[in-house]
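Accompanying notes for the structure given below.
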Amino acid sequence: MRQYEFWFVVGSQFLYGPEVLETVAARSAEMAETLSKKLPYKLVYKVTAKTNQEITDVVKEANYDDNCAGIITWCHTFSPSKMWINGLANLQKPYCHLATQYNREIPNEEIDMDFMNLNQAAHGDREHGFIAARLRMPRKVIAGYWQDEKVQTRLGDWMKAAVGVAVSRNMKVMRFGDNMREVAVTEGDKVEVQAKLGWQVNTWAVGDLVKEMNAVTEAEIDALMEVYTASYDVATDDVAAIRYQAKEEIAIRKMMDAEGCKAFSNTFQDLYGMEQLPGLASQHLMAQGYGYGGEGDWKVAAMTAILKAMGEGGNGASAFMEDYTYHLVEGQEYSLGAHMLEVCPSVAAGKPRIETHHLGIGMNEKDPARLVFEGKAGKAIVVSLIDMGGRLRLIVQDIEAVKPIMPMPNLPVARVMWKAMPDLTTGVECWITAGGAHHTVLSYDVSAEQMRDWARMMDIEFVHITKDTTPEKLEEELFVKDLAWKLK
943 MRQYEFWFVV GSQFLYGPEV LETVAARSAE MAETLSKKLP YKLVYKVTAK TNQEITDVVK
1003 EANYDDNCAG IITWCHTFSP SKMWINGLAN LQKPYCHLAT QYNREIPNEE IDMDFMNLNQ
1063 AAHGDREHGF IAARLRMPRK VIAGYWQDEK VQTRLGDWMK AAVGVAVSRN MKVMRFGDNM
1123 REVAVTEGDK VEVQAKLGWQ VNTWAVGDLV KEMNAVTEAE IDALMEVYTA SYDVATDDVA
1183 AIRYQAKEEI AIRKMMDAEG CKAFSNTFQD LYGMEQLPGL ASQHLMAQGY GYGGEGDWKV
1243 AAMTAILKAM GEGGNGASAF MEDYTYHLVE GQEYSLGAHM LEVCPSVAAG KPRIETHHLG
1303 IGMNEKDPAR LVFEGKAGKA IVVSLIDMGG RLRLIVQDIE AVKPIMPMPN LPVARVMWKA
1363 MPDLTTGVEC WITAGGAHHT VLSYDVSAEQ MRDWARMMDI EFVHITKDTT PEKLEEELFV
1423 KDLAWKLK
């Protein structure tokens, strides 16, 4: 991960005199330094902007600085908002308006007109907020005292969403073959996606991967085997199958790194020259922050990488996932998520096991090695990006993952069991009504609010299924959104 940073741009004007401006600059620098110790990314105080030119210049600089992931604005004093128009109209980075003030309390004895002239955030932030609304600027507004934990948490969460935007705009996806034949939801307009989200999605032949696999050395495989045995419990005697997965992983990673790709997809229908569908290989690559999509699903591959980057430490507990089957006993309704082989171990409750089993789908010559584990319990979300034809829709559903209610000893795959919000059947009805895919990204680290922020920054539709959602309300919401987005 690049060491992203955010720029603190503070608004003021010359009306208050040089002493006030010096105080504003000193306080702004202090706030940025203090907040940097609390936030996941560095906050850099850039300027107390007093003119149209200063604002325009700092925006131009932010747009072309690859390390700058967004700007955070605040108006310590009154900053006439017409001076912000040119800059904001050209801003290409995520934008958060922090509505705060330097002092927590109104000082009963100290307050006088000098104090009032210096401490006008309540005045200035409203003027600043108007111009962003007038320009229809996509932005996040966070109000509260800057030293409060709640404010810092929300600001940090927004930063992570903005980093997701930076990752998205530089996303390259490597596809090995096409998507699974006759499947609709894994299709999509790659030109529109590149224009809207920045993703470069291209295809490489499986034969190219096989050629790279044949060049992998035994020494390279030995080194990765040591990593496997240190990270996972080996529960198979078929060492050859594990070594084959290591060869696949090394080759896939070499190809992705050479092209600057952070995500990949493949399909069990196209394994030309390969003995096994990559299972352990794909899982361990995801554990290192790469995105993956099964059956050629390039959209979920990219989204997996983006949510991982938005998570804790820049590689959070997020995984490629698929709803597989339901438990429909009244009062015990659960969804079981899994996949044939490829679920990231970042969501495991315990230490995953390397096992080999027959895979009765695809053209596998030998039994693929894979990681088998149960997912951890906790609040999470599942995310689906779909192409609605002319626009993209991001669907997020709140879930609560649970310890599986049964051991399922004969299910040789990684799996997560969860309660869907508002309940299983209503949630399924809402998901299907919205057009949600069978492939998702499941994340324990990224919140629905962060995904809403990301969608806002990317200017795409956002649908959120919560504990309060009903099919009727959702149908009305989708109808209104369909009209609104057609007018955009």
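Residue numbers 943 to 1430, in our numbering, belong to the letters of the sequence shown in order.
Beta carbons are placed, not taken as given, at the ideal position from N, Cα and C, and that holds for glycine.
Between the C-alpha atoms of Gln995 and Phe1421 there is a straight-line separation of about 43 Å. Going by DSSP, His1269 is part of the beta strand (DSSP E) stretching over Ser1260 to Val1271.
Using a Cβ distance threshold of 7 Å, Glu1307 and Glu1190 do not count as a contacting pair. Leaving aside the five residues that flank Tyr946 on each side, the residues in its chain whose CB is nearer than 7 Å to its CB run, in chain order, Tyr983, Asn1009, Ala1011, Val1105 and Ala1108. Burial is judged here by how many other beta carbons sit within 10 angstroms of a residue's own beta carbon; Ile1303 has fewer than 16 and is exposed. In this chain, the alpha helix (DSSP H) harbouring Glu1191 covers Val1181 to Glu1201.
With 16 or more other Cβ atoms from the protein chains shown falling within 10 Å of its own Cβ, His1039 counts as buried.
In the three-state reduction of the DSSP assignment, Thr1171 falls in the helix class, which pools H, G and I. Restricted to the stretch 1217-1266, the alpha helix (DSSP H) segments that are unbroken, complete and at least 4 residues in length are 1222-1229 and 1240-1252, listed in chain order.
For Asp1120, the closest alpha carbon among the candidates Lys1204, Ser1110, Lys1132 and Ser970 is that of Lys1132. Distance between Leu1222 and Glu1371, taken at the CA atoms: about 34 Å. Boundaries of the beta strand (DSSP E) around Leu1278: Gln1274 to Ala1280.
In the DSSP assignment, Gln1136 falls within the unbroken alpha helix (DSSP H) covering Lys1132 to Leu1139. Here Thr990 is near Ser954, since their CB atoms are less than 7 Å apart. Inter-residue distance for Asp1387 and Phe948 is about 21 Å (C-alpha atoms, whole angstroms). DSSP places Gly1304 in the coil class of the three-state scheme, outside both helix and strand. If the five residues before and after Glu1201 are omitted, its C-beta is found closer than 7 Å to the C-beta atoms of Lys1114 and Met1116, all from its own chain and listed in chain order. The beta carbon of Thr1267 sits closer than 6 Å to the beta carbons of Leu1278 from its chain, once the five residues preceding and following it are set aside; these are given in chain order. Just measuring C-alpha positions, the residue of Ile1073, Lys1430 and Ala1063 sitting nearest Lys1024 is Ile1073.
Here Cys1372 carries a helix assignment [DSSP, helix/strand/coil]. Taking a 10 Å sphere around the C-beta of Gly1149, we find fewer than 16 other C-beta atoms and assign the residue as exposed. The continuous beta strand (DSSP E) containing Leu1334 extends over residues Leu1334 to Val1344. When the alpha-carbon of Pro1080 is set against those of Leu1060, Asn1059, Ala1031 and Met1363, the nearest one is in Ala1031. Assignment of His1381 by DSSP, reduced to helix, strand and coil, places it in the strand class. Taking a contact to require three or more Cβ pairs closer than 8 Å, the stretch 1331-1339 and the stretch 1259-1266 do not qualify as touching. Put simply, the backbone Cα of Ala1188 is about 13 Å away from that of Leu1151.
Assigned with DSSP and collapsed to three states, Arg1295 falls in strand.
Under the Cβ criterion (8 Å, minimum of three pairs), the stretch 1348-1356 does not count as touching the stretch 1387-1396. DSSP places Leu1416 in the helix class (H, G or I) of the three-state scheme. Around the C-beta of Asn1061, 16 or more other C-beta atoms lie within 10 Å, and the residue is accordingly described as buried. Of Lys1204, Ser1207 and Gly1215, the smallest CA-CA separation from Asn1156 is found for Gly1215.
For Trp1396, DSSP assigns no beta-bridge partner whatsoever.
Distances from the CA of Gln1392 to each of Pro1346, Lys979 and Lys1102 were compared; the closest alpha carbon is that of Lys1102. By DSSP's assignment, Leu1033 forms no beta bridge with any residue. Non-local beta-carbon contacts of Gln1094 in its own chain, meaning distances under 6 Å to residues more than five positions away in sequence, involve Lys980 in chain order.
Looking at His1406, Gly1331, Glu1419 and Glu1414, the one whose alpha-carbon comes closest to that of Ala1126 is Gly1331.
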